[in-house]
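Enquirer: Numbering (the working numbering), first residue to last: 387 to 525.
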Amino acid sequence: AIAVELGAHGITANCVMPGAIETPMTAPAFNELAGYRDYWEKKAALGRLGQPDDIADVIAFLASGDARFLSGQGFFVDGAAPQSVAGLTRAVIIFDGGDEAAIQAARESWKSFRGQGCDVVYYQQDEHGTWQNRAAKSA
Numbered sequence: 387a388i389a390v391e392l393g394a395h396g397i398t399a400n401c402v403m404p405g406a407i408e409t410p411m412t413a414p415a416f417n418e419l420a421g422y423r424d425y426w427e428k429k430a431a432l433g434r435l436g437q438p439d440d441i442a443d444v445i446a447f448l449a450s451g452d453a454r455f456l457s458g459q460g461f462f463v464d465g466a467a468p469q470s471v472a473g474l475t476r477a478v479i480i481f482d483g484g485d486e487a488a489i490q491a492a493r494e495s496w497k498s499f500r501g502q503g504c505d506v507v508y509y510q511q512d513e514h515g516t517w518q519n520r521a522a523k524s525a
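1. Apply the 10 Å Cβ neighbour rule to Asn-400 and answer buried if 16 or more other Cβ atoms are within range, or exposed otherwise.
2. Strictly by DSSP, which residues pair up with Gly-393?
3. So what does DSSP say about Gly-458, is it helix, strand or coil?
4. Less than 7 Å between the beta carbons of Glu-408 and Leu-432, yes or no?
5. Residues bridged to His-436 by DSSP?
6. Just tell me which of Tyr-422, Gln-437, Phe-455, Ile-441 has its CA closest to the CA of Phe-461.
7. Less than 8 Å between the CB atoms is what I'm expecting for Val-463 and Gly-405, so what's the real figure, rounded?
8. How would you write the range of the alpha helix (DSSP H) that Ala-415 sits in, first residue to last?
This is the structure in structure tokens:
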């Protein structure tokens, strides 16, 4: 729905859904809970926990021109660990070239996604071509 609403403004909207990712926040669980690390490593077909760079690389791809025609897709970044979609934290990543009408449309769409428990992150290119997080400015 968000991809359809914002597509008319030239915005692509995709969803990145991380699996078991080892971060400073999750490390205590993976290191201290008996069997927790082993469970997730065995569940993933790739046989390991994900790393922050695994997620960052997918987001970097979606922000690149190579993904200019990808929209409305959900990407599980989980090493092929079977998961239920229910209960996952979702991040809707919106990339935009700078049209003010698109920014307003994104703001309106955020309301419904935040109401469904989704985390929404909005990026926009600045005048130097660098992607900037606009959430603080646009929320």
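Note that the Cβ used here is the ideal one computed from N, Cα and C, for glycine as well. Treat the numbers as computed from the prediction; the structure is a model and nothing was measured.
Expert: Well, looking at it:
1. buried
2. Bridge partners of Gly-393: none, in fact.
3. coil
4. no
5. The residue asked about is misnamed: residue 436 is Gly in this sequence, not His. DSSP, once it has assigned bridges, lists Ile-407 as partnering Gly-436.
6. Ile-441
7. 6 Å
8. 413-418
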